[in-house]
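Going down the list, the sequences are from chains A and B. Number 1430 in our numbering belongs to position 42 of the first sequence; there are no gaps in the numbering. Number 283 in our numbering belongs to position 142 of the second sequence; there are no gaps in the numbering.
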Amino acid sequence: MQPDGSLQVEDTVRGVLRDVLGLSAERVADFRADTPLFGALPELDSLAVAGVLTELEDRLGILIEDDEVDGEMLESFGALTRFAAAKALR
Amino acid sequence: MIDHYDWAGGREAMLRFGPATGPVVVAALPLFEEANRTRAFVVTILRLLAARGIAGALPDLPGQGESLMPTHKTSILKMQDAFGFACDKFDREGRNCYAIGLRSGALLDALALAAGRWHLAPQDGPQLFRELTRIKQVELGGRPLGDSWYFDNTLPEEAGDPPVEIAGTPISTDLLTDLQVKTPFDEPGIPRRVVRLDTDPNPADRKVDAAPLWRRAEPGNDPALAALLADDIATWIRTCES
């Protein structure tokens, strides 16, 4: 069972990817935990990565430290959602 | 129509809309890449305001749009100064100026003789600096950069600091330093209205349900949001003028 709020975090991550990368709601709704992000989505360049992280910070009220930004957290939709949930739900 | 205005550093172009009398909305686009992403949207808002009988102007600020000044030569002060001169042009005609600023454009109206300020999703300087740092960090492979990353410490002091290229735009080190202390102009007694998106938890006079088009890589537009905001601005100006 998922902890309270984790679905809300997942929805927020979907919303941020949709808004920042300009993806359709249908495409983002199909994202699964193993859907690859960084390196797989051409829309996700350095500007977009910064936009995604900053929007996540704003919408979830979290602070992402510079040394936490790495390829691993952006590897897949599941990795990014787990990272955001760990920050937002602690 | 395409007009121009003069400021201490030269002459810049200014798009103008609507009637030749009455209050004027003077718009400031955000800094850097977000300016390209929001220009069409702001022009739509100004056209809709003109249709509602309110004049508007979109001045190119030094280093923005068609300005001849290269991006790395501009500064927050130069842009604030130029924006002030653009407003003066209308003030001399006895017309009230209302500054509207999107995102970091809210940092650029501090020197304007404005009867009021209307800010959409205002972003302060430290937030923008943090975002620019993050973009550069990702560009360079992800290693954390530290606070003074934009200074070239290998050069002799008298050489001056070369501009830093962030997402393809050369930016002066002075501007990056300056950003870290800049906040939107907000003084008691001078009308200021803040509108934010629903997804933004920061306080606002009004929240609207829309996507942040300043985040989109492809310049877009949102006519429905533009119409809603044009109504909001028109109502607010009528209240200020009454």
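Don't be surprised by glycine CBs; every beta carbon is placed ideally from N, CA and C. Keep in mind it's a predicted model, so treat the numbers as computed, not measured.
Sorted by chain position, which residues of the same chain lie with C-beta nearer than 7 Å to residue i's C-beta, five sequence neighbours on each side aside?
i                 : result
Phe1471 (chain A) : Met1461
Glu1398 (chain A) : Thr1469
Cys238 (chain B)  : Val165, Val167, Cys228, Phe231, Asp232, Ala253, Leu254, Ala255 and Ala256
Gly1466 (chain A) : Ala1421 and Asp1422
Pro364 (chain B)  : Thr185
Leu1429 (chain A) : Leu1409
Leaving out the 5 sequence neighbours to the left and right, which residues in its chain are closer than 6 Å to residue i when beta-carbon positions are compared?
i                 : result
Met142 (chain B)  : Arg157
Ala240 (chain B)  : Val167, Asp250, Ala253, Ala255 and Arg258
Lys1475 (chain A) : Ile1450
Gly246 (chain B)  : Ala169, Leu170 and Pro171
Gln1390 (chain A) : Its pLDDT being 48, under 50, Gln1390 (chain A) is placed unreliably in this model, and the value from its coordinates should be taken loosely. Contacts found: none.
Pro1424 (chain A) : Ser1464
Phe173 (chain B)  : Thr310
Lys348 (chain B)  : Arg337 and Asp339
Mind checking whether residue i and residue j have CB atoms under 7 Å apart?
i                 : j                 : result
Ala169 (chain B)  : Leu249 (chain B)  : yes
Arg188 (chain B)  : Trp355 (chain B)  : no
Gly283 (chain B)  : Val1404 (chain A) : no
Arg233 (chain B)  : Val165 (chain B)  : no
Leu190 (chain B)  : Ala371 (chain B)  : yes
Leu316 (chain B)  : Ser216 (chain B)  : yes
His213 (chain B)  : Pro325 (chain B)  : no
Glu272 (chain B)  : Ala1438 (chain A) : yes
Asp1455 (chain A) : Pro267 (chain B)  : no
Arg357 (chain B)  : Gly1410 (chain A) : yes
Leu1477 (chain A) : Gly1393 (chain A) : yes
Asp1407 (chain A) : Ala161 (chain B)  : no
So, at 8 Å on beta carbons, what are the nonlocal neighbours of residue i in its own chain, with the 5 sequence-adjacent residues on each side left out?
i                 : result
Asn343 (chain B)  : Arg337
Pro211 (chain B)  : Gly204 and Pro311
Asp201 (chain B)  : Glu153, Ala154, Met155, Glu207 and Ser208
Ile378 (chain B)  : Pro164, Val166, Ile195, Tyr239 and Gly257
Gly150 (chain B)  : Pro203, Met210, Lys219, Asp222 and Ala223
Ser1434 (chain A) : none
Where does residue i sit, in a helix, a strand or coil, going by DSSP?
i                 : result
Lys219 (chain B)  : helix
Gly151 (chain B)  : strand
Glu1456 (chain A) : helix
Asp302 (chain B)  : coil
Asp144 (chain B)  : strand
Gln1390 (chain A) : A caution first: Gln1390 (chain A) carries a pLDDT of 48, below 50, which makes its placement in the model unreliable, though a value can still be read off. Of the three classes helix, strand and coil, the one that applies to Gln1390 (chain A) here is coil, per DSSP.
Phe158 (chain B)  : strand
Ile307 (chain B)  : strand
Ser289 (chain B)  : coil
Ser1434 (chain A) : helix
Ile312 (chain B)  : strand
Phe322 (chain B)  : Note that residue 322 (chain B) corresponds to Val in the displayed sequence, not to Phe. Three-state result, Val322 (chain B): coil.
Ala358 (chain B)  : coil
Pro364 (chain B)  : helix
Leu1441 (chain A) : helix
Thr1469 (chain A) : helix
Leu370 (chain B)  : helix
Leu1395 (chain A) : helix
Leu1411 (chain A) : coil
Leu1448 (chain A) : helix
Arg188 (chain B)  : helix
Please determine whether the Cβ atom of residue i lies at a distance below 6 Å from any heavy atom of the ligand NAD.
i                : result
Thr380 (chain B) : Ligands are entirely absent from the displayed structure, and the ligand NAD is therefore not among its contents.
Report the start-end ranges of each alpha helix (DSSP H) in the segment 192-266 of chain B that is 4 residues or longer and not cut off at the edges. Within the segment 192-266 of chain B, the complete alpha helix (DSSP H) runs of at least 4 residues are 217-232.
Interfacial residues, the segment 1443-1461 of chain A to chain B, with Cβ spacing under 7 Å: Cβ contacts with chain B come from Glu1443, Asp1446, Arg1447, Gly1449, Asp1454, Asp1455, Val1457, Asp1458 and Gly1459.
Taking beta-carbon pairs under 7 Å, can you tell me which members of the segment 1421-1446 of chain A lie near chain B? Shown in chain order are the members of the segment 1421-1446 of chain A whose Cβ falls below 7 Å from a Cβ of chain B: Glu1431, Ser1434, Leu1435, Ala1436, Val1437, Ala1438, Gly1439, Leu1441, Thr1442, Glu1443 and Asp1446.
Residues of the segment 344-365 of chain B whose Cβ lies closer than 7 Å to any Cβ of chain A, in chain order: Within the segment 344-365 of chain B, the residues whose Cβ lies closer than 7 Å to some Cβ of chain A are Ala352, Pro353, Arg356, Arg357, Ala358 and Glu359, listed in chain order.
Got a sec: which bits of the segment 1408-1422 of chain A sit with their beta carbon under 9 Å from any beta carbon on chain B, in order along the chain? Residues Val1408, Leu1409 and Gly1410.
Can you pull out the residues from the segment 260-281 of chain B whose beta carbon lies closer than 7 Å to at least one beta carbon of chain A? For the segment 260-281 of chain B, which is checked against every Cβ of chain A, the residues closer than 7 Å are Glu272, Arg275, Ile276, Gln278, Val279 and Glu280.
Mind listing which residues of the segment 239-259 of chain B have their C-beta closer than 7 Å to chain A's C-betas, in chain order? So nothing in the stretch comes that close.
Check distances from the C-beta atoms of the segment 169-185 of chain B to those of chain A and list, in chain order, the residues that come in under 7 Å. For the segment 169-185 of chain B, which is checked against every Cβ of chain A, the residues closer than 7 Å are Glu174.
Chain-ordered residues of the segment 191-208 of chain B with a beta carbon less than 8 Å from chain A: Result list empty, no residue passes.
What are the residues of the segment 283-311 of chain B that lie near chain A, defined by any Cβ-Cβ distance shorter than 8 Å? Residues of the segment 283-311 of chain B that bring their beta carbon within less than 8 Å of a beta carbon in chain A comprise Gly283, Pro285, Leu286 and Ala308, in sequence order.
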